[in-house]
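Some notes on the structure that comes next.
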Amino acid sequence: MSQTSLKQKKKNETGSRNSKDSLDTEKRKDSEKSGVRLSTQGSQELSLPKTDSRGYVVRNQWSRTSRSPSTRAPSVEEPRSKNTSLKVELPSSSTTSRTSSTSPSQQESLKQLSEEPSPPTPPLPSTPPMPLDSHPPTPPEPFSSSRRSTKMHENPEAWAHGIVREIRDSRDAMPQRDYPRTPPTEWKAYTQRRSTYSSQLDQDCLSELPRQHHQREEEEDEDEAYWASVKTLYEKIPSCSRPRPPKPKNAITIAVSSRALFNMVDGRKIYEEEGLEKYMEYQLNNENVILTPGPAFRFVKALQHVNARLRELYPSEQDLFDIVLMTNNHAQVGVRLINSVNHYGLLIDRFCLTGGKSPIGYLKAYLTNLYLSADSEKVQEAIQEGIASATMFDGAKDMAYCDTQLRVAFDGDAVLFSDESEHIAKEHGLDKFFQHETLFENKPLAQGPLKGFLEDLGRLQKKFYAKDERLLCPIRTYLVTARSAASSGARVLKTLRRWGLEIDEALFLAGAPKGPILVKIRPHIFFDDHMFHIEGAQKFGTITAHVPYGINQKMNN
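Start counting the sequence shown at 1; every next residue gets the next number (the numbering used here).
Here it is, written out as structure tokens:
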């Protein structure tokens, strides 16, 4: 042989030896994965999985070493071993190709190994042979939930099919109920079946219909009555679109006491006779009882009407009346006052409850233009502080008042004007008084405590005159004086002209009673400094306000 052929032969021997070693290594790996054990003595043991009729792998639930059932939980390696057994049953093509590529001598040795019969494995005495189609026996277990979970983890598809089969078998095993059916020939119309009903039943049914209809009508009537009452209630409640109060620096502030605005005579009597604690207890127990109107009530309502008319003409107007409830009542009494104010629809937003302390010290802080109270002592204190004030008195008779026009009547001396003429009349008599007025006819009189309030009314009147509303002006002023027009009336009118004020009506009575004239005027309030005229007007039903100012008050004291 040549050298080349020898080298080729050595190369072939080396390749066959390497291929044999690689084949042994691959077979060893495959046997470890598939559970096939190849013995060195030539015997081969092959474990094949059992399958049922549907092709699912059946796993034996019994242990080989004991007759008791295995209750251990399925391990993580069980699915892996199941998959490897299937791989042994169906060899892959790659393994076949590798086997075919081996040498003839190697193929013969493998064939001999496969042809040698393996010793039969005797069946275990605890495991009887079972056909492939049957299910493995399921021994009784103490905990069915663990067995079910074990089956579900081992083979979920077989477990699901078993559950469905059990449901179908139980459904098929249930007895079928036969319901009676009426043949079509027995069906009859209502007119034919009605004869079989009792007449009393028909009467009951027919009588029930009008009763239900009547009951439905009663329910509808009750609903209509309910909503009508709710509508009436909401109509009485003040509107939610409440106008904003004017700014205090621009407004005409009218401070009114609680006893002037409402009738609180009963509470006052309890306070004077039983003391403060009983008075507060009485007010708390009756805080939901609405107070009746007092002497200043109609005057306040008329002021609100003027504000409404001004807002119609001047929507952004700030020169309006601003009502403040000024009282020395305790704060606990404020609930009853608030309920009464809201009940009557009064637009009073600012309250001052001093709890027994005199409220006079707060009048200037509230920029008060006029203070009305039922307490003459507090009014006297306010006059001394330079604040226009008056004591309110209700009329002895009921009188109809105009709701669309504020009517205010003033006395002249010691009300609109100073009391200098009163001094001359009291000290020197009427003759000296007439001579003095004629001599100083062109000299304006000094101003009195209510002159500022008349100026405020005149300023608001000019706003209506600017809109050509003179005849429909909601404010009307009156001068009702005991002066004589011929002897002393000229100085009064010239003084008003010098002040730039207009009075709508001037009534000179020359000492005659004022009550009958005031009945014709029907003012919401009449200011006078003489209690004689106040009492005379009260008898005719006029609401009066006493101004404690001038020489007459000193003489009375």
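Positions of the beta carbon are idealized from the N, C-alpha and C atoms, including for glycine.
| Query | Result |
| --- | --- |
| Buried or exposed by the 16-neighbour rule on C-beta atoms within 10 Å, applied to residue 384 | exposed |
| Beta carbon of residue 559 nearer than 8 Å to that of residue 298 | The requested residue 559 does not occur in the structure, where the chain is confined to residues 1 to 557. |
| Residue of 415, 504, 166 and 282 minimising C-alpha distance to residue 547 | 415 |
| Residue 363 versus residue 348 - alpha carbon distance | 16 Å |
| Cβ shell of residue 366 (< 8 Å), same chain only, five flanking positions each side left out | 248, 253, 255, 324, 326, 350 and 352 |
| Coil, strand or helix - residue 321 by DSSP | strand |
| Cβ-Cβ distance between residue 243 and residue 263 below 8 Å | no |
| Distance CB(residue 321)-CB(residue 342) smaller than 8 Å | no |
| Identified DSSP bridge partners for residue 360 | Bridge partners of residue 360: none, in fact. |
| Closest by C-alpha distance to residue 506, when choosing among 522, 480 and 494 | 480 |
| Rounded Cβ spacing between residue 524 and residue 408 (contact assumed at less than 8 Å) | 7 Å |
| CA-to-CA distance, residue 330 to residue 478, given in whole angstroms | 38 Å |
| Simplified DSSP state of residue 501, which is helix, strand or coil | coil |
| Opposing strand residues paired with residue 545 [DSSP bridges] | 392 and 527 |
| Beta bridge counterpart(s) of residue 256 as assigned by DSSP | 325 and 372 |
| Span of the alpha helix (DSSP H) around residue 475 | Not the alpha helix (DSSP H): residue 475 falls in the beta strand (DSSP E), residues 475-481. |
| Beta-carbon proximity list for residue 422, same chain, < 8 Å, skipping 5 on both sides | 413, 414, 550, 551 and 552 |
| Secondary structure of residue 510, DSSP reduced to three states | coil |
| Whole-angstrom C-beta distance between residue 502 and residue 458, which should lie under 8 Å | 6 Å |
| Pairwise C-alpha distance: residue 155 and residue 37 | Only weak support is given to the placement of residue 37: the predicted model assigns it a pLDDT of 44, under 50, and the value that follows is read from those uncertain coordinates. Near 26 Å, if we compare the C-alpha coordinates of residue 155 and residue 37. |
| Enclosing alpha helix (DSSP H) for residue 434 [first to last residue] | 430-439 |
| Residues that DSSP places opposite residue 402 in a beta bridge | Bridge partners of residue 402: none, in fact. |
| C-alpha gap between residue 309 and residue 474, whole angstroms | 8 Å |
| Rounded distance between the beta-carbons of residue 295 and residue 388, thought under 8 Å | That belief does not hold up - the Cβ atoms of residue 388 and residue 295 are roughly 17 Å apart, past 8 Å. |
| Where residue 293 sits in the DSSP three-state scheme | strand |
| Range covered by the beta strand (DSSP E) that runs through residue 337 | Premise fails: residue 337 lies in the alpha helix (DSSP H), 334-343, not in any beta strand (DSSP E). |
| Residue range of the alpha helix (DSSP H) that includes residue 459 | 451-466 |
| Integer-rounded CB distance, given that residue 332 should sit under 8 Å from residue 399 | Actually they do not touch by this definition, with Cβ atoms about 35 Å apart. |
| Stretch pair the stretch 489-498 + the stretch 428-448: three plus CB contacts closer than 8 Å | yes |
| Between the CA atoms of residue 541 and residue 396 - distance to the nearest angstrom | 5 Å |
| Where residue 417 falls: helix, strand or coil (DSSP) | strand |
| Whole-number beta carbon distance between residue 425 and residue 433, since they are thought to touch under 8 Å | 4 Å |
| Limits of the alpha helix (DSSP H) - the one that residue 518 falls within | 515-521 |
| Opening and closing residue of the alpha helix (DSSP H) in which residue 268 lies | 265-274 |
| The beta strand (DSSP E) enclosing residue 540, as first and last residue numbers | Note, residue 540: premise wrong, no beta strand (DSSP E); not H, not E. |
| Beta-carbon proximity of residue 514 to residue 536, cut-off 8 Å | yes |
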